[in-house]
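Following: one structure in structure tokens, then a few remarks.
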Amino acid sequence: MNNNHAIITYGSSDPFSTIAGYIASGYNGGAWNGPGVISTAALTPTNGLFYGVGYADGADGIVSGLSSGQIEVKYTLLGDANLDGLVNAADFTDLAANFNQSVSGADVSAGDVAALDAFVAANGLPLPTFANVPEPASAAAVTGVLFVMAPRRRRGASRRPS
Amino acid sequence: MRACRGAYRVGFICRTTNPIIAYNLLCEGDCLQDLERLRNDEAYLDALGASRIPDPTTAGDFCRRFERGGEAFHSGDQVMGLMDAINSVRVGAIVNNGGFSITLAQPFLGTTNDGGFTSEGGGTTTLVGANTYNGSTKVSWGTLVIGVNGALPNTSVAITGGTLQLGAGAGLAQMTSLSITGNGVLDV
Numbered sequence: 004m005n006n007n008h009a010i011i012t013y014g015s016s017d018p019f020s021t022i023a024g025y026i027a028s029g030y031n032g033g034a035w036n037g038p039g040v041i042s043t044a045a046l047t048p049t050n051g052l053f054y055g056v057g058y059a060d061g062a063d064g065i066v067s068g069l070s071s072g073q074i075e076v077k078y079t080l081l082g083d084a085n086l087d088g089l090v091n092a093a094d095f096t097d098l099a100a101n102f103n104q105s106v107s108g109a110d111v112s113a114g115d116v117a118a119l120d121a122f123v124a125a126n127g128l129p130l131p132t133f134a135n136v137p138e139p140a141s142a143a144a145v146t147g148v149l150f151v152m153a154p155r156r157r158r159g160a161s162r163r164p165s
Numbered sequence: 369m370r371a372c373r374g375a376y377r378v379g380f381i382c383r384t385t386n387p388i389i390a391y392n393l394l395c396e397g398d399c400l401q402d403l404e405r406l407r408n409d410e411a412y413l414d415a416l417g418a419s420r421i422p423d424p425t426t427a428g429d430f431c432r433r434f435e436r437g438g439e440a441f442h443s444g445d446q447v448m449g450l451m452d453a454i455n456s457v458r459v460g461a462i463v464n465n466g467g468f469s470i471t472l473a474q475p476f477l478g479t480t481n482d483g484g485f486t487s488e489g490g491g492t493t494t495l496v497g498a499n500t501y502n503g504s505t506k507v508s509w510g511t512l513v514i515g516v517n518g519a520l521p522n523t524s525v526a527i528t529g530g531t532l533q534l535g536a537g538a539g540l541a542q543m544t545s546l547s548i549t550g551n552g553v554l555d556v
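Protein sequences appear in the order of chains A and B.
Going by this note's numbering, the first residue of the first sequence is number 4, and it counts up by one from there.
Going by this note's numbering, the first residue of the second sequence is number 369, and it counts up by one from there.
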């Protein structure tokens with residue numbers, strides 16, 4: 004099992020959206036075969052666990068040890084919001100604290116809600132109650148970016164094969 | 369002109385036997401001693417229009433070998449500027465695996481403006497050395513595998529085609545920038 008991650012220490016211009024674009028294009032709807040950032044290891048579950056590629060900006064203060072001016076890209080478990088290699092209550096706390104928030108021009112999708120439901124159920128956690136949260140249209144809607152962590156923009160997000 | 373004609377008349381000597389003799393004839397000498405005498409004869413050399421290039425025994429001599437816009441380089445800054453210009457077009461190390469799978473254990477050690485490392489070829493190149501090059505890591509086609517932690521120095525990474533793969537032992541890969549264009553892929 005790989006335990007790889009990359010840290011990009013950028014200069015004056017924050018390439019966060021560019022890196023996110025690389026991951027989105029590499030993800031290619033779950034095939035992980037597009038140009039950009041991919042993870043061939045994430046194509047198949049390992050020990051029954053699903054992996055993806057997480058990314059975070061140190062400026063958001065979510066990932067411990069990641070400084071402002073750095074972006075981390077990591078092969079990790081889906082749901083690992085803080086990229087520490089674990090999916091636990093700390094990730095859930097970040098997720099819940101920012102749930103139903105959106106970056107400029109983006110909305111929380113039905114897929115996000117379904118993903119949260121699945122995450123809570125899989126971990127035996129109580130389902131939080133949110134106002135004005137739409138119900139998921141279907142399980143098939145669970146694609147793309149799963150978790151929204153930041154009030155200002157998505158961070159620590161993971162992509163997974165559908 | 370007479371010197372040239374003389375040299376060509378005995379051209380077979382110039383090409384096949386001894387170029388010093390040919391040079392001596394060019395200087396219209398009759399024996400080897402003439403060569404040393406004539407090459408130090410300023411009046412004779414001036415008449416020929418020959419330029420004397422001093423042996424590079426001093427920095428000044430070295431600088432005078434370079435000119436820009438008709439002006440000789442005299443200062444250290446000018447020489448450094450020239451070196452920067454040369455370094456700016458350095459392409460660094462280019463490894464073409466020729467379609468094979470190869471492993472490079474010897475590290476590419478860095479120097480200032482060393483031009484970095486470029487991987488190409490349809491096969492797989494694996495880096496396992498403690499590389500310290502300073503220029504960009506570039507993948508133009510084929511696959512470049514970072515086999516161990518430290519094999520990818522902290523430089524800019526440009527993938528214009530092919531794949532840069534962080535292998536099982538790569539661990540943390542640090543880079544100053546990441547550019548992926550064309551069909552380039554970074555596989556973590």
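Backbone N, C-alpha and C define an ideal beta-carbon position, used for all residues, glycine too.
So which residues on chain B does residue i lean against when the C-beta distance must stay under 7 Å?
i	result
V171 of chain A	Shown here, chain A extends from 4 to 165; a query on residue 171 of chain A therefore has no answer.
T43 of chain A	D555
Compare the C-beta of residue i with all C-beta atoms of chain B and state if any pair is closer than 9 Å.
i	result
S15 of chain A	no
P48 of chain A	no
S141 of chain A	Unreliable placement is indicated for S141 of chain A, whose pLDDT of 34 sits below 50; no coordinate value is reported for it.
Y30 of chain A	no
G39 of chain A	yes
V56 of chain A	yes
Starting from residue i, find everything on chain A with Cβ-Cβ shorter than 9 Å and list it in chain order.
i	result
S545 of chain B	I11, T12, Y13, G14 and P18
L534 of chain B	N5, N7, H8, A9 and Y78
Does the CB of residue i have a neighbour CB from chain A at under 9 Å?
i	result
G550 of chain B	yes
A538 of chain B	yes
A418 of chain B	no
A599 of chain B	Residue numbering for chain B in the displayed model covers 369 to 556; residue 599 of chain B lies beyond these limits and cannot be assessed.
So residue i is in the beta strand (DSSP E); what residue range does that whole segment cover?
i	result
G55 of chain A	Y54 to D60
Y78 of chain A	Q73 to L80
I65 of chain A	Run containing I65 of chain A: none; DSSP gives neither H nor E here.
T21 of chain A	Per DSSP, T21 of chain A belongs to no beta strand (DSSP E); it is in the alpha helix (DSSP H), F19 to Y30.
A473 of chain B	Note, A473 of chain B: premise wrong, no beta strand (DSSP E); not H, not E.
S545 of chain B	L540 to I548
N464 of chain B	A461 to N464
G497 of chain B	Neither: G497 of chain B is in no beta strand (DSSP E) and is coded neither H nor E.
G39 of chain A	G39 to I41
D555 of chain B	V553 to D555
Under 9 Å Cβ-Cβ, which residues of chain B neighbour residue i?
i	result
N101 of chain A	Under the 9 Å cutoff, chain B gives no residues; its nearest Cβ is about 25 Å from N101 of chain A.
I need the boundaries of the alpha helix (DSSP H) containing residue i, first residue and last residue.
i	result
N101 of chain A	A92 to N101
T47 of chain A	No alpha helix (DSSP H) holds T47 of chain A; DSSP gives it neither H nor E.
L413 of chain B	E410 to L416
Against chain E, with Cβ distances strictly below 9 Å, would residue i count as a contact?
i	result
L540 of chain B	The structure shown contains no chain E; its protein chains are A and B.
Is the number of C-beta pairs between the region 77 to 85 of chain A and the region 36 to 55 of chain A that are closer than 8 Å three or more? yes
Which residues of the region 502 to 531 of chain B have a Cβ closer than 7 Å to any Cβ of chain A? Give them in chain order. none
Pull out every residue of the region 65 to 85 of chain A whose Cβ sits closer than 8 Å to any Cβ of chain B, in chain order. Hits within the stretch, in order: V76, K77 and Y78.
Quick one, which residues of the region 471 to 482 of chain B are near chain A if we go by CB-CB under 7 Å, in chain order? none
Could you check whether the region 519 to 533 of chain B touches the region 14 to 31 of chain A, counting it as contact only if at least three pairs of C-beta atoms, one from each stretch, sit closer than 8 Å? no
Given 8 Å, three or more beta-carbon pairs between the region 456 to 474 of chain B and the region 486 to 506 of chain B: yes
Just checking, does the region 528 to 548 of chain B make contact with the region 501 to 508 of chain B on the three C-beta pairs under 8 Å criterion? yes
At least 3 beta-carbon pairs within less than 8 Å: the region 541 to 551 of chain B vs the region 32 to 48 of chain A: yes
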